[in-house]
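Novice: Chains as they are written, first to last, in our numbering: chain A, 4 to 386; chain B, 250 to 374.
Take a look at the following structure, please.
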Amino acid sequence: MSFRGKVAAVGVGLAGIGEAPSLSHLDLTAMAAKQALDEAGLSFSDVDGLFAANLQNIFAPLNVGEYLGIRPKLSEGTQIGGSSPVAHLIWAALALDAGLIDTALVCYGSTQRSVAGKLLSPSTSEPLIYEMPYGPRYPISSYALSTSRHMYEYGTTREQLADVAVAARQWAALNPDAFMRSPLTRDEVLESRMVCDPLTVRDCCLVTDGAGAVVLTRSDRARDCRREPIYLLGAAMAHWHRQISQLPDLTVTCASETGPRAFEMAGLKPADIDVLELYDAFSINPIMFLEDLGFCAKGEGGPFVENGGIAPGGRLPVNTNGGGLSCVHPGMYGIFTVIEAIQQLRGECGDRQVPDAATAISHGNGGHFSSQVTAIWGRQETL
Amino acid sequence: MPHPLPEGPDERYAAYLAEGRICIQKCGDCQRHVFYPRIICPHCHGSSLTWHEVTGKGIVYATTVIRQRPDKGGPYNLCLVEMEEGVRFPGRVEGPEPEDVKIGMTVAARIKQEDGNPLVVFDPS
Chain A
4 MSFRGKVAAV GVGLAGIGEA PSLSHLDLTA MAAKQALDEA GLSFSDVDGL FAANLQNIFA
64 PLNVGEYLGI RPKLSEGTQI GGSSPVAHLI WAALALDAGL IDTALVCYGS TQRSVAGKLL
124 SPSTSEPLIY EMPYGPRYPI SSYALSTSRH MYEYGTTREQ LADVAVAARQ WAALNPDAFM
184 RSPLTRDEVL ESRMVCDPLT VRDCCLVTDG AGAVVLTRSD RARDCRREPI YLLGAAMAHW
244 HRQISQLPDL TVTCASETGP RAFEMAGLKP ADIDVLELYD AFSINPIMFL EDLGFCAKGE
304 GGPFVENGGI APGGRLPVNT NGGGLSCVHP GMYGIFTVIE AIQQLRGECG DRQVPDAATA
364 ISHGNGGHFS SQVTAIWGRQ ETL
Chain B
250 MPHPLPEGPD ERYAAYLAEG RICIQKCGDC QRHVFYPRII CPHCHGSSLT WHEVTGKGIV
310 YATTVIRQRP DKGGPYNLCL VEMEEGVRFP GRVEGPEPED VKIGMTVAAR IKQEDGNPLV
370 VFDPS
């Protein structure tokens, strides 16, 4: 089964990036959705497939559908953490290709910053009884454990981790929508407050508000839309565990499975990719995803990112919007990996534009390195 | 005839702990040990899991220090211990300063009372 090139993104929207006091997550979702549909030249009444999961509604498609006045023929609310909106692309592609729906709206919104502490939280809604007695600080303590093992096995250094945060900030400085744009140095990261060793507060993603939306349709219809269609060339998902204590090797995520599957569908290899948007909840994430997705060998992610390797002008453009570390991270970041990839391929990213970008990866991560979803996008000429 | 329901594995584990024994399951089909407790083996999906007391010996597999203000109790260790049986326990090494807990350290499990419940923690060995 392949849906290579069968569907395309025809509109994207962003709203409330950073702080959005007085607005609800559904308000923000609506603003992003309207922008995405306007871009596509479509309307809410065209949406017959709704894809939504968030951290403020257990039955998210119901709340979002009701608020937006959408009565979908098909809705999907897979909740596997921050990667969920990327996973929704797979279901949207299948439903579009099968003719069950004609227009898919994938959307996410959160007011995590403004409602601090009132999100659905694993620690209250779902106690993990064998880990919780030891006082984990979810999710960072799980990522810190992985980082400790990666450093032990491969000699990855705190400086290399810091360089991931510095690169994100340098990209954010080129993005007027990014929440944190002031200069950041390696030393500042190293000297900032330690949260869970070896991760400091600057190794951790932001806590912001924000919403994003993507409209997809079948490629034959996409050509009639207002904006240049960006085609979904391949996508794959996997999950191996819920709790970090159940991941057999803490240095290998199931991106090692989703990467090869997505590349196979796309008929591409890592060297063919021009832009990477890798879910950076923590500075260790891009290092492990570069390895697991095949951009470097296992254990070489640290040297790969060191000294500006993934910064503007570096060897590979990664997280060109500033990522979850410096642009936006409202609880679940997945949708923003998709939006930035599409905007890069449409060539509308201004100072941060990667020249002649024709292919891009959106990689979502969820839980505690638990779920991984890889989507590969391309312009018309890649079909 | 309805089948009788088995004893809940979480309850069985807790009952052993309350008796002062750390017991985990072993699969009679694939012979692998299983933790946390389950009704089916996650490796071969067999259902012949039986309980065995662990040796308590393990090696720190991953570790972190959770930084907490002194007035809230100060920093503490959180780690994963690879047990001799091949399963991994979430836990905490007590004794050394939390940042002195290192990957590769050999440790021994101990049951302590914490918040009114028995809990497995680890000592350097």
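Using N, Cα and C, we set each Cβ at its ideal position, and we do this for glycine too.
Only a predicted model underlies this, so the values are computations on that prediction, with no experimental measurement involved.
1. Less than 8 Å between the beta carbons of G381 (chain A) and A361 (chain A), yes or no?
2. Within the region 66–114 of chain A, note down every full beta strand (DSSP E) run reaching 3 residues or more, in order along the chain.
3. Opposite E363 (chain B) in the DSSP bridges: which residues?
4. L40 (chain A): buried (16+ other C-beta within 10 angstroms of its C-beta) or exposed?
5. Once the 5 residues before and after A239 (chain A) are set aside, which same chain residues still bring their CB inside 6 Å of it?
6. On the DSSP bridge list, what partners appear for S274 (chain B)?
7. Among residues of its own chain, excluding the 5 on either side of E334 (chain B), which ones have a beta-carbon nearer than 7 Å to its beta-carbon?
8. Helix, strand or coil for Y137 (chain A) per DSSP?
9. For the putative contact between A175 (chain A) and G353 (chain A), defined by C-beta atoms under 8 Å, what is the C-beta separation to the nearest angstrom?
10. Under a Cβ-count criterion, where at least 16 other Cβ atoms within 10 Å of its own Cβ denotes burial, should Q362 (chain B) be classed as buried or exposed?
11. Leaving aside the five residues before and after G269 (chain B) along the sequence, list all residues of the same chain whose C-beta is less than 7 Å from its C-beta, in chain order.
12. Runs of 3 residues minimum, wholly inside the region 277–304 of chain A: which ones carry the beta strand (DSSP E) assignment?
13. Of all Cβ atoms in chain A, is any one closer than 8 Å to the Cβ of T312 (chain B)?
14. Report the residue from A:I313, A:L235 and A:G304 whose alpha carbon sits nearest the alpha carbon of F6 (chain A).
15. Could you compute how far the alpha carbon of F292 (chain A) sits from the alpha carbon of L281 (chain A)?
16. Would you mind working out which of A:P315, A:V341, A:M268 and A:T254 sits nearest A300 (chain A), comparing C-alpha positions?
17. Kindly list the residues whose CB is nearer than 7 Å to the CB of F47 (chain A), restricted to its own chain and excluding five residues on each side of it in sequence; keep chain order.
18. To be precise: take each residue of the region 165–195 of chain A, compare its Cβ to all Cβ atoms of chain B, and keep it if any distance is under 8 Å. Which residues remain?
19. Measuring only the C-alpha atoms, how far is I315 (chain B) from L202 (chain A)?
20. Beta-carbon within less than 8 Å of Y133 (chain A)'s beta-carbon, same chain only, minus the 5 sequence neighbours each way: which residues are those?
21. Start and end of the alpha helix (DSSP H) containing D212 (chain A)?
22. D259 (chain B) versus chain A: which residues are under 8 Å apart at the beta carbon?
23. DSSP three-state label for K321 (chain B), please.
24. In chain A, what lies closer than 8 Å to G340 (chain B) by C-beta?
25. With a cut-off of 8 Å, does the C-beta of E268 (chain B) fall near any C-beta of chain A?
26. Compute the distance between the beta-carbons of T340 (chain A) and H366 (chain A), then report whether it is under 8 Å.
27. How far does the beta strand (DSSP E) with P339 (chain B) in it reach, from first residue to last?
28. Taking contact to mean at least 3 C-beta pairs separated by less than 8 Å, is the region 315–324 of chain B in contact with the region 153–164 of chain A?
29. For my contact list, F284 (chain B) and V330 (chain B) are in at a C-beta cut-off of 8 Å; report their separation, rounded to the angstrom.
30. Which chain B residues are close to Y155 (chain A), counting only those with a beta carbon under 7 Å from its beta carbon?
31. Does any C-beta atom of chain A lie closer than 8 Å to the C-beta of I288 (chain B)?
32. What does F371 (chain B) pair with, by DSSP beta-bridge criteria?
33. G344 (chain B): buried (16+ other C-beta within 10 angstroms of its C-beta) or exposed?
34. Could you tell me which uninterrupted beta strand (DSSP E) segments, each at least 3 residues in length, are contained entirely in the region 315–374 of chain A, listed from first to last along the chain?
35. Can a CB atom of chain B be found closer than 8 Å to the CB of D30 (chain A)?
36. Where does V204 (chain A) land, buried or exposed, given buried means 16+ other C-beta within 10 angstroms?
Specialist: Walking through what the data contain:
1. yes
2. As far as the region 66–114 of chain A is concerned, its whole beta strand (DSSP E) runs of at least 3 residues are 77–79 and 106–113.
3. Paired residues: B:N366.
4. buried
5. T261, R264, A265 and T377
6. Before going on, a small fix: residue 274 (chain B) reads as Gln here, not Ser. Looking at the DSSP assignment, Q274 (chain B) forms a beta bridge with B:V283 and B:W300.
7. Same-chain partners within the cutoff: I273, H282 and V303.
8. helix
9. So it is not a contact: roughly 13 Å between Cβ atoms.
10. exposed
11. I360
12. 278–281
13. yes
14. A:L235
15. 7 Å
16. A:T254
17. Cβ within range, chain order: L40, L71, G72 and I73.
18. none
19. 10 Å
20. Q246 and S248
21. Run containing D212 (chain A): none in the alpha helix (DSSP H); it sits in the beta strand (DSSP E), D212 to R221.
22. I132
23. Residue state for K321 (chain B) is assigned as helix, using DSSP reduced to three classes.
24. In chain order, Y137 make up the part of chain A whose C-beta sits under 8 Å from the C-beta of G340 (chain B).
25. Not one chain A Cβ lies under 8 Å of E268 (chain B).
26. yes
27. R337 to G340
28. With the cut-off at 8 Å, the region 315–324 of chain B and the region 153–164 of chain A do not touch.
29. That belief does not hold up - the Cβ atoms of F284 (chain B) and V330 (chain B) are roughly 11 Å apart, past 8 Å.
30. I352
31. No - not a single Cβ of chain A is within 8 Å of the one on I288 (chain B).
32. B:V342 and B:A358
33. exposed
34. Complete beta strand (DSSP E) runs here, min 3: 362–369.
35. For D30 (chain A), the answer is no, since every Cβ of chain B falls outside 8 Å of its Cβ.
36. exposed
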